[in-house]
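Taken in order, the sequence shown gives residues 43 to 798; the numbers are from this note's numbering.
Built from N, CA and C at the ideal position, the CB exists for glycine as well.
Quantities reported herein were computed from a predicted structural model and do not represent experimental measurements.
Report on the following structure.
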Amino acid sequence: MSNRHHRLLLTLVLSIYLLLALGYGVVVPLFETPDEHMHYFTAEFIAREGRLPTTRDAGLMAQEAAQPPLYYGLGSLIVRAVGSGDDQVNLWLNPKADPADPLGESLATPPINTNMFIHGPQEAWPWRGYALAAHLLRMMSAVLGLGTLLCIYAAGRTVWRDAPDRALLATALVAFLPQFAFIHGAVTNDTAITFFSAAAVWQLLRITNYELRITNEKQGDTAREGSLETRLSSLVSGRAAYVLLGITIGLAVLSKTAGLLLLVYCTGVTAARVWSRGGPRRWSRATAAGMAVALPALLLGGWWLVRNWTLYGDPTAANQFVLLAGGERPYTLYQVWLDMDRVWTSLFARFGWMNLRPPVWVWVVWNVIAILAATGAIWGIVVSIRHRKRPFSLARLLFHPAVILFGWFALVAAAWLQFMLRTPADQGRLFFPALIPLALGAAYGLSRWPRPWVQIGALMLALGTSIYSLAVVIPTAYALPPIVTTLPTEATPLEIAFPEGIDLVGVSVDTPVARPGEWVWLTLYWRARPDIAGGAPLVYLELFGREFERIGLQTNYHGRGNFPATLWPGGAIVADRMAVRVNGDAVAPVEAALKIKLAEDASGIDIGTVKIIPTEWPERVEPVARLGDAIELAAADLSTTAAAPGDTVEIHLRWQVAEPPGPARIHLFAHLGDPTQPPLAQADDLVMGGDYPSRQWAAGEVFDETVSLVIPADLAPGEYPVNIGLYDYDSGTRLPLVAGERIAGDALEIGRLTIR
43 MSNRHHRLLL
53 TLVLSIYLLL
63 ALGYGVVVPL
73 FETPDEHMHY
83 FTAEFIAREG
93 RLPTTRDAGL
103 MAQEAAQPPL
113 YYGLGSLIVR
123 AVGSGDDQVN
133 LWLNPKADPA
143 DPLGESLATP
153 PINTNMFIHG
163 PQEAWPWRGY
173 ALAAHLLRMM
183 SAVLGLGTLL
193 CIYAAGRTVW
203 RDAPDRALLA
213 TALVAFLPQF
223 AFIHGAVTND
233 TAITFFSAAA
243 VWQLLRITNY
253 ELRITNEKQG
263 DTAREGSLET
273 RLSSLVSGRA
283 AYVLLGITIG
293 LAVLSKTAGL
303 LLLVYCTGVT
313 AARVWSRGGP
323 RRWSRATAAG
333 MAVALPALLL
343 GGWWLVRNWT
353 LYGDPTAANQ
363 FVLLAGGERP
373 YTLYQVWLDM
383 DRVWTSLFAR
393 FGWMNLRPPV
403 WVWVVWNVIA
413 ILAATGAIWG
423 IVVSIRHRKR
433 PFSLARLLFH
443 PAVILFGWFA
453 LVAAAWLQFM
463 LRTPADQGRL
473 FFPALIPLAL
483 GAAYGLSRWP
493 RPWVQIGALM
503 LALGTSIYSL
513 AVVIPTAYAL
523 PPIVTTLPTE
533 ATPLEIAFPE
543 GIDLVGVSVD
553 TPVARPGEWV
563 WLTLYWRARP
573 DIAGGAPLVY
583 LELFGREFER
593 IGLQTNYHGR
603 GNFPATLWPG
613 GAIVADRMAV
623 RVNGDAVAPV
633 EAALKIKLAE
643 DASGIDIGTV
653 KIIPTEWPER
663 VEPVARLGDA
673 IELAAADLST
683 TAAAPGDTVE
693 IHLRWQVAEP
703 PGPARIHLFA
713 HLGDPTQPPL
723 AQADDLVMGG
733 DYPSRQWAAG
743 EVFDETVSLV
753 IPADLAPGEY
763 PVNIGLYDYD
773 SGTRLPLVAG
783 ERIAGDALEI
793 GRLTIR
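Below you can see the structure in the form of structure tokens.
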């Protein structure tokens with residue numbers, strides 16, 4: 043591939059990334075990324091007060107007030123130019139939102155209460171005030187991401203002078219990573235530390251490979267004299283490279299505390315690289331090299347460490363992060379391991395406050411890419427070792443680019459683990475400072491596959507995940523419910539007037555059948571009356587099962603938490619589609635009642651029913667008897683064969699449905715005594731006590747019920763038969779009962795009870 047085509051492809055990759063990052067910045071509602079409002083208001087505080095904040099200052103900054111100031115200082119220039127003075131007043135918190143993924147880890151979790159904030163007209167286009175400032179800060183983050191990609195590419199060209207396509211592959215993998223574009227479409231200092239970390243690691247690779255490059259050039263390696271990597275590498279050399287690396291580290295220290303890791307690692311590696319050259323002055327030269335890196339970094343960022351020590355007694359201010367996150371939590375390594383699934387998936391694609399998941403196939407794509415890359419990398423290392431002609435040199439091995447990159451990744455991972463043991467940090471973005479090792483390692487592994495379609499396919503699928511997340515996942519999660527002019531024909535009309543000034547005019551149950559753990563969807567058609575007053579009410583959607591036990595509850599503002607009633611256009615009908623999850627321990631089968639209310643202490647109003655069935659039906663068996671054409675008795679047992687007057691005897695029955703029995707209301711009777719005489723004791727009610735009426739039954743279903751028979755207190759001792767049967771309540775006719783042959787009276791004796 044010619045240099046011209048290579049540059050065109052690089053430009054294309056960077057352009058696609060920029061469109062993705064800017065797109066995420068537009069599509070994601072403001073402050074719907076992790077801690078984004080805290081980051082914004084930290085910059086806003088600096089713009090408003092003209093000084094750096096502390097964690098003792100009031101406002102919405104929280105722990106971000108203890109963050110290093112570089113990103114916020116730059117952002118404050120934008121906020122000062124366009125921000126408004128009442129920014130914090132305009133924020134409307136969603137009281138039912140929970141960034142800790144409150145709806146559980148089910149992959150089928152719908153986006154309900156995903157939004158941390160309610161987004162009113164003040165955020166609409168054209169942007170103005172704080173909305174304009176925040177979007178401009180998001181654009182600044184996108185530009186920092188562009189710088190990160192250029193550093194990844196330059197690092198790849200430094201490592202692989204003879205394989206520039208790998209550098210392009212590494213750059214494209216990160217550019218097409220949904221989480222990378224999502225984070226770089228947000229207001230967050232993660233974008234600054236990611237950029238400066240990438241820049242520092244690239245410079246470190248240049249420094250540690252400097253002698254090798256000089257040797258190659260002396261041997262006549264001038265084929266790539268005009269390449270981008272060569273031009274970038276020629277910007278600085280020698281001691282100037284150390285100073286520039288130190289400046290980069292200093293900027294990283296002023297971006298996030300992870301910059302201190304760069305200071306320790308880059309200073310140590312640089313000094314060790316100089317020391318490894320040998321010579322009589324190796325210690326002094328190594329010390330000088332380390333100081334050339336460390337001094338500029340400390341001159342730039344050291345004052346911040348001193349300030350933290352003075353204010354908080356901790357130069358990193360980590361104690362403030364732990365304190366504001368709820369204090370120390372002594373996690374074990376096993377507990378950290380249990381959280382690794384969330385860390386892993388959020389490295390690729392988790393949106394919102396890490397509580398908005400993409401479809402499973404997005405994670406599958408990135409897992410496949412990771413497996414292909416890891417497999418290819420392992421195979422490539424094995425082949426390289428087997429075909430190595432020269433013996434290993436410890437010095438060359440220690441300063442091999444792969445070792446340097448792995449060392450940086452290991453240090454970032456160790457620091458993350460130490461922090462994770464103290465406070466929640468289960469987000470993959472915290473590994474972004476180590477993007478160069480991850481990207482170059484993945485590119486190397488994919489490049490070892492001999493077929494080019496592997497690399498091309500991986501990139502196309504990666505790009506597809508990011509585009510799909512941008513175009514479908516996020517817009518769907520935050521979409522407002524549609525406004526309709528009339529009630530659809532499929533909806534059941536209602537006329538429920540709530541005292542909060544809202545009418546429920548119709549309902550459509552979109553999920554007629556569900557299992558425990560699944561979601562029941564329905565569409566509620568609301569209309570605000572002119573007399574709506576007070577704050578926006580919450581919606582309480584309840585699901586009640588057997589014996590009126592609540593088996594599901596969902597609470598949120600209208601519009602799945604996005605569209606409170608006070609924002610509705612007057613007189614319009616809002617088609618509000620929402621869901622309630624059936625408890626995992628709900629007893630089934632049952633015809634569950636759906637109820638709605640707008641106040642926690644109010645009584646719910648019936649709006650429909652849902653059939654809840656078991657996850658698996660019991661297996662069918664040869665029946666004891668058949669009742670009518672549709673129902674089979676699979677088993678019948680008495681809880682005891684002897685009782686005393688006044689006792690209660692339970693009858694355990696198992697029914698099998700051969701075919702739907704139709705709309706008839708089928709009742710069960712259980713009689714004690716001679717079936718040709720009036721019963722001495724009886725139980726008579728709908729099958730399942732009405733909890734699962736026969737109109738809901740379907741062929742193949744098998745379910746149990748228990749009937750209680752109360753023995754009269756004056757019943758004489760003796761042995762009495764117990765008979766059961768079914769009848770149609772509307773007609774009073776018993777269902778024909780066949781047990782080998784038609785049973786007289788259509789009542790089956792299931793046992794005999796001795797009364798003492």
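(Q) For I411 and M502, I'd like the C-alpha separation in whole angstroms. (A) By one-based count along the sequence shown, residue 411 stands at place 369. By one-based count along the sequence shown, residue 502 stands at place 460. I411 and M502: Cα-Cα distance of roughly 11 Å.
(Q) Restricting to runs no shorter than 3 residues, where is the beta strand (DSSP E) found entirely within the segment 663-746? (A) Here the runs fully enclosed are 667-669, 673-680, 690-699, 708-714 and 723-728.
Q.
In the DSSP assignment, the alpha helix (DSSP H) including L396 goes from what residue to what residue?
A. The residue given as residue 396 occupies position 354 in the sequence shown. Note on residue identity: the sequence assigns Met, not Leu, to residue 396. First-last for M396: undefined, no H or E at that position.
Q) Can you give the Cα-Cα distance for A63 and R327, rounded to whole angstroms? A) Mapped onto the sequence shown, residue 63 falls at position 21. Mapped onto the sequence shown, residue 327 falls at position 285. Answer to the nearest angstrom: the Cα atoms are 44 Å apart.
Q | Proximal residues to P687 (C-beta, below 7 Å), its chain only, five neighbours per side dropped | A | Position 645 of the sequence shown holds residue 687. Cβ neighbours of P687 beyond the five flanking positions: I753, P754, A755, D756, L757 and I797.
Q. What does a CB cutoff of less than 6 Å around A485 pick up in its chain, not counting 5 residues either side in sequence?
A. Position 443 of the sequence shown, counted from the first residue, corresponds to residue 485. So the qualifying residues of the chain are R208, L211 and A212.
Q) Considering only C-alpha positions, which residue in the set I673, F605, A313 and F711 is nearest to T329? A) As a first step, residue 329 is located in the sequence shown; it is residue number 287 there, counting from the start. Nearest C-alpha to T329: A313.
Q: Let me know the alpha helix (DSSP H) ranges lying completely inside the segment 411-489, each 4 residues or longer, listed in chain order.
A: 436-440, 443-462 and 477-489
Q | Integer-rounded CB distance, given that R122 should sit under 8 Å from A89 | A | Sequence index remark: in the sequence shown, residue 89 carries index 47 (1-based). Sequence index remark: in the sequence shown, residue 122 carries index 80 (1-based). Contact holds; Cβ gap of about 4 Å.
Q | Bridge-paired residues (DSSP) for K637 | A | Within the sequence shown, residue 637 is the residue found at index 595, counting from 1. Its beta-bridge partners are E584 and D648.
Q: Give every residue of the same chain whose Cβ lies closer than 7 Å to the Cβ of A617, excluding the five residues on either side of it in the sequence, and list them in chain order.
A: Working through the sequence shown from its first residue, we reach residue 617 at position 575. Excluding residues within five positions, the ones whose Cβ falls inside 7 Å are P523, P524, V526, T565 and Y567.
Q.
Using a Cβ distance threshold of 8 Å, determine whether the segment 651-659 contacts the segment 183-198, with at least three qualifying pairs required.
A. Flag = no, the segment 651-659 and the segment 183-198 do not touch.
(Q) Buried or exposed, going by whether 16 or more other CB atoms sit within 10 Å of the CB of R784? (A) As a working note, residue 784 is residue 742 in the sequence shown. Classification for R784: exposed.
Q.
Could you tell me the alpha carbon to alpha carbon distance between Y59 and A217, rounded to whole angstroms?
A. Taking the sequence shown and counting its residues from 1, the one referred to as residue 59 is at position 17. Taking the sequence shown and counting its residues from 1, the one referred to as residue 217 is at position 175. Taking the straight line from one Cα to the other gives about 5 Å.
**Q.** Endpoints, the alpha helix (DSSP H) within which G301 is located
**A.** Within the sequence shown, the letter at position 259 stands for residue 301. Here the alpha helix (DSSP H) through G301 covers G301 to W317.
Q. With DSSP run on the structure shown, which of helix, strand or coil describes V404?
A. Working through the sequence shown from its first residue, we reach residue 404 at position 362. V404 falls in the helix class under three-state DSSP.
Q | Within the segment 747-793, ranges of the beta strand (DSSP E) (whole runs, at least 3 residues) | A | 760-770 and 779-781
Q.
Here's a check: name, in chain order, each residue in its chain whose Cβ is nearer than 6 Å to the Cβ of L50, leaving out the five neighbours to either side.
A. As a working mapping, residue 50 is identified with position 8 in the sequence shown. Around L50: no qualifying Cβ.
Q: Can you check DSSP and say which residues form a bridge with Q596?
A: To locate residue 596, count along the sequence shown from 1; it is residue 554. Beta-bridge pairing links Q596 to L583.
Q) Is V311 buried or exposed, if buried means 16 or more other CB atoms sit within 10 Å of its CB? A) Within the sequence shown, the letter at position 269 stands for residue 311. Label assigned to V311: buried.
Q) Which residues in the same chain as D356 place their Cβ atom closer than 7 Å to its Cβ, once the five residues preceding and following it in sequence are excluded? A) In the sequence shown, counting from the first residue as 1, residue 356 sits at position 314. So the qualifying residues of the chain are N350.
**Q.** Limits of the alpha helix (DSSP H) - the one that T250 falls within
**A.** As a working note, residue 250 is residue 208 in the sequence shown. Looking at the DSSP string, the run of the alpha helix (DSSP H) that includes T250 is D232 to T250.
Q | Option nearest V749 by Cα separation, candidates W739, Y762, P763 and V729 | A | Along the sequence shown, one-based indexing puts residue 749 at 707. It is V729.
Q | Inter-residue Cα distance where the pair is G594 and P475 | A | Here residue 594 is taken as the residue at index 552 of the sequence shown, counted from 1. Here residue 475 is taken as the residue at index 433 of the sequence shown, counted from 1. For G594 and P475, the distance between alpha carbons rounds to 42 Å.
Q) Using 8 Å as the limit for Cβ to Cβ distance, is L191 near chain B? A) Note that chain B does not occur in the displayed structure, where there is just one protein chain.
Q.
Determine whether the beta carbon atoms of R464 and R384 lie at a separation below 8 Å.
A. Translated into the one-based positions of the sequence shown, residue 464 becomes position 422. Translated into the one-based positions of the sequence shown, residue 384 becomes position 342. No, the pair does not count as a contact, with Cβ atoms beyond the cut-off.
(Q) Going by DSSP, what residue range makes up the alpha helix (DSSP H) through L51? (A) For this step, residue 51 is matched to residue 9 along the sequence shown. Here the alpha helix (DSSP H) through L51 covers N45 to V69.
Q.
My output table needs one value for V797: the three-state DSSP class, helix, strand or coil.
A. Indexing the sequence shown from 1 puts residue 797 at position 755. Reading off the sequence shown, one finds Ile at residue 797, where the question assumed Val. Note: I797 maps to strand in three-state DSSP.
Q.
Within a Cβ cutoff of 7 Å, which residues of the same chain sit near L488, ignoring the five residues on either side of it in sequence?
A. As a working mapping, residue 488 is identified with position 446 in the sequence shown. Cβ within range, chain order: L211, L414, A415, G418, V496, Q497 and A500.
Q: Take every Cβ of the segment 713-733, pair it with every Cβ of the segment 538-557, and state whether three or more of those distances are shorter than 8 Å.
A: These segments do not touch.
Q. Is the segment 157-165 in contact with the segment 108-120, if contact means three or more CB pairs nearer than 8 Å?
A. no
Q: Could you spell out the range, first to last residue, of the beta strand (DSSP E) harbouring M620?
A: As a working note, residue 620 is residue 578 in the sequence shown. Residues I615 to R623.
Q. Quick one: what's got a C-beta closer than 7 Å to P660's C-beta in the same chain, skipping five residues either side?
A. On the sequence shown, position 618 is the one that residue 660 refers to. So the qualifying residues of the chain are V744.
Q.
Only counting the same chain, and skipping five residues up and downstream in sequence, which positions put a Cβ closer than 6 Å to that of Y373?
A. Your numbering for residue 373 matches position 331 in the sequence shown. Once the five neighbours on either side are set aside, the close Cβ partners of Y373 are L463.
Q: Alpha carbon to alpha carbon, how far is A504 from L61? Give it in angstroms, no decimals.
A: Your numbering for residue 61 matches position 19 in the sequence shown. Your numbering for residue 504 matches position 462 in the sequence shown. Near 15 Å, if we compare the C-alpha coordinates of A504 and L61.
Q: From the DSSP output, in three-state form, read off F87 for me.
A: Position 45 of the sequence shown, counting from 1, holds the residue named residue 87. Helix at F87.
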